[in-house]
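Colleague:
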Amino acid sequence: MKKDILILLRRHAGEYLSGEDLSRQLGVSRTAVWKHIQSLRDAGYQIDSQPRRGHCLVAVPDKLYPQEISAGLTAGRIGQAIHYFEEVRSTNEEARRLAERGAEEGTLVLAESQTGGKGRLGRHWLSPAGKGVWLSLILRPPIQPAKAPHLTMVAAVAAARAVEEASGLKAGIKWPNDILVNGKKVCGILTELKAEAERVHYAVVGIGLNVNLSPADLPPELHATATSLAIETGHPVSRVLLTQGLLVHLEAFYTGYLAQGFGLIKEAWEKMNVTLGRPVQVTAPEGRFSGIALDIDADGALLVAGEGGIRAFYAGDVTLRAKG
Ligand code: BT5
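The sequence shown begins at 43 in our numbering and counts up one residue at a time.
So this is what it looks like as structure tokens:
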């Protein structure tokens, strides 16, 4: 009901809708309308109510409420179900719990803040309240587990596009899971899998986007490597619009991937990448290796030419070196 009132107020943005009109259109009493308006106010919506004119939506809160996100989305598989938390340990953990209980493909977990946000290899992901987009997406792709890096690349191209559209900044993808702006990380991706040898049960794709963090939100050890869209543009960026853009691109790239295969993603990835053709150092489980990043193979592995020939890396951290 709260959602329906919001839809009507939004549809008549800038106008007053009388309590009587609202109660008639929604088929509930005027007292019920009042109660719901009050609870919308409690959630941070600014609604002006005038005795003879009615109610007018003045401002929406800077929150990633599901009703705000879905207001700008057309029906697709991604974001049909959204689980929203003010605070959670990790959206990836929540999404895994939901996936274990059978949550459908496209289910999304969103949080204003994470107390135990996760990077790869048990690293910590800084996720201050209301400053970023911290979300996880449940996918159930009919692919072999070895192809799971494709999903990180689907997320990377979608996130890079969304960042560029929301901020006007140029975004670059650093293999395997970083989006950089002006050489610093604004976004990280963590893909986790539940699979057996030949089949993926589900994948959880976690995306962390630094949107309105100020320099003071970043600990000293991250100043040299991390940034946010607000730091780089000099003004706040709408988290709701950015999230909507991200979901639209995720839907398009994921659907395209399932229908047409990895080629489509590889092409988009190559256009936005800042890794290929560069001297790199890869720190991988099998050790450190320096060389020139040549290409991405059909599995999404990074091919690096160095001493002793070309090697393929399926996981690892890449340090970009200055050219020549
Ligand atoms: C990542 O790991 O970049 C994956 C980050 C995924 C975060 C999302 S948020 C929603 C979802 N739920 C989760 O619990 N996680 C996902 P990695 O490449 O390992 O990078 C981790 C490293 O980045 C850390 O060791 C820090 O050095 C640095 N770092 C931590 N927080 C950062 C931030 N907010 N911005 C930029 N760098 C950060």
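Backbone N, C-alpha and C define an ideal beta-carbon position, used for all residues, glycine too.
State yes or no: is the C-beta of arginine 143 nearer than 8 angstroms to some heavy atom of the ligand BT5?
Modeller: In the sequence shown, residue 143 corresponds to position 101, counting from 1. Arginine 143 Cβ: outside cutoff for every heavy atom of the ligand BT5.
Colleague: Per the DSSP calculation, proline 321 is bridged to which residue(s)?
Modeller: In the sequence shown, the residue the question calls residue 321 occupies position 279. Answer by DSSP bridge pairing, in chain order: Ile334.
Colleague: Starting from the Cα of valine 247, find the closest Cα among Val253, Lys236, Phe304 and give me that residue.
Modeller: Here residue 247 refers to the residue found at position 205 when the sequence shown is read from its first residue. For the residues Val253, Lys236, Phe304, the minimum Cα distance to valine 247 belongs to Lys236.
Colleague: Along the chain, where does the alpha helix (DSSP H) containing glycine 298 start, and where does it finish?
Modeller: Looking up residue 298 in the sequence shown gives position 256. First-last of the alpha helix (DSSP H) with glycine 298: 281-302.
Colleague: Verify whether the separation of the beta carbon atoms of glutamate 129 and serine 155 is less than 9 angstroms.
Modeller: Stepping through the sequence shown from its first residue, residue 129 is reached at position 87. Stepping through the sequence shown from its first residue, residue 155 is reached at position 113. Closer than 9 angstroms, so yes.
Colleague: What separation, rounded to the nearest whole angstrom, lies between the Cα atoms of leucine 345 and leucine 336?
Modeller: Sequence index remark: in the sequence shown, residue 345 carries index 303 (1-based). Sequence index remark: in the sequence shown, residue 336 carries index 294 (1-based). Distance between the alpha carbons of leucine 345 and leucine 336: 5 angstroms.
Colleague: Measuring alpha carbon to alpha carbon, tell me which of Ala357, Thr361, Arg363 ends up nearest proline 191.
Modeller: The residue given as residue 191 occupies position 149 in the sequence shown. When only C-alpha atoms are compared, the closest one is Ala357.
Colleague: Can you check DSSP and say which residues form a bridge with glutamate 207?
Modeller: Your numbering for residue 207 matches position 165 in the sequence shown. Glutamate 207 pairs with nothing; no bridge assigned.
Colleague: With respect to 8 angstroms, is the separation between the Cβ of serine 71 and the closest non-hydrogen atom of the ligand BT5 below this value?
Modeller: Reading the sequence shown from its first residue, position 29 is the one you call residue 71. No, the ligand BT5 has no heavy atom inside 8 angstroms of this Cβ.
Colleague: Would DSSP call serine 178 helix, strand or coil?
Modeller: The residue labelled residue 178 in the question sits at position 136 within the sequence shown. Serine 178 falls in the strand class under three-state DSSP.
Colleague: Distance, Cα to Cα, proline 18 vs asparagine 315?
Modeller: Here the chain comprises residues numbered 43 to 366, so residue 18 is not present and cannot be evaluated.
Colleague: In this structure, how does DSSP classify lysine 216 when only helix, strand and coil are distinguished?
Modeller: As a position in the sequence shown, residue 216 is number 174, starting the count at 1. Residue state, collapsed to three classes: strand.
Colleague: Going by beta-carbon coordinates alone, are glycine 329 and valine 322 separated by less than 9 angstroms?
Modeller: Here residue 329 refers to the residue found at position 287 when the sequence shown is read from its first residue. Here residue 322 refers to the residue found at position 280 when the sequence shown is read from its first residue. Result no, Cβ atoms of glycine 329 and valine 322 do not sit closer than 9 angstroms.
Colleague: What's the gap between the Cα of arginine 165 and the Cα of leucine 232?
Modeller: Taking the first residue of the sequence shown as position 1, residue 165 is located at position 123. Taking the first residue of the sequence shown as position 1, residue 232 is located at position 190. Computed Cα separation, rounded: 11 angstroms.
Colleague: Three Cβ pairs or more, each shorter than 8 angstroms: is that satisfied between the stretch 272-283 and the stretch 296-304?
Modeller: Judged by Cβ distances under 8 angstroms, the stretch 272-283 makes no contact with the stretch 296-304, as fewer than three pairs qualify.
Colleague: Is any non-hydrogen atom of the ligand BT5 found closer than 8 angstroms to the C-beta of tryptophan 378, if you look at the structure I gave you?
Modeller: This structure gives no information on residue 378, because the portion of the chain shown stretches from 43 to 366.
Colleague: Spatial neighbours of glycine 61 within its chain, please: C-beta separation below 8 angstroms, excluding the five flanking residues on both sides.
Modeller: Walking along the sequence shown from the start, residue 61 turns up at place 19. Within the same chain, glycine 61 has close Cβ partners Arg72, Val75, Trp76, Gly96, His97.
Colleague: State the Cα-Cα distance for the pair leucine 251 and valine 228, rounded to the nearest angstrom.
Modeller: Counting from 1 along the sequence shown, the entry for residue 251 is found at position 209. Counting from 1 along the sequence shown, the entry for residue 228 is found at position 186. The alpha-carbon atoms of leucine 251 and valine 228 are separated by roughly 6 angstroms.
Colleague: Which one of Leu82, Ala55, Gly56, Val253 has the shortest CA to CA distance from methionine 43?
Modeller: Here residue 43 is taken as the residue at index 1 of the sequence shown, counted from 1. The residue with the shortest Cα to Cα distance from methionine 43 is Leu82.
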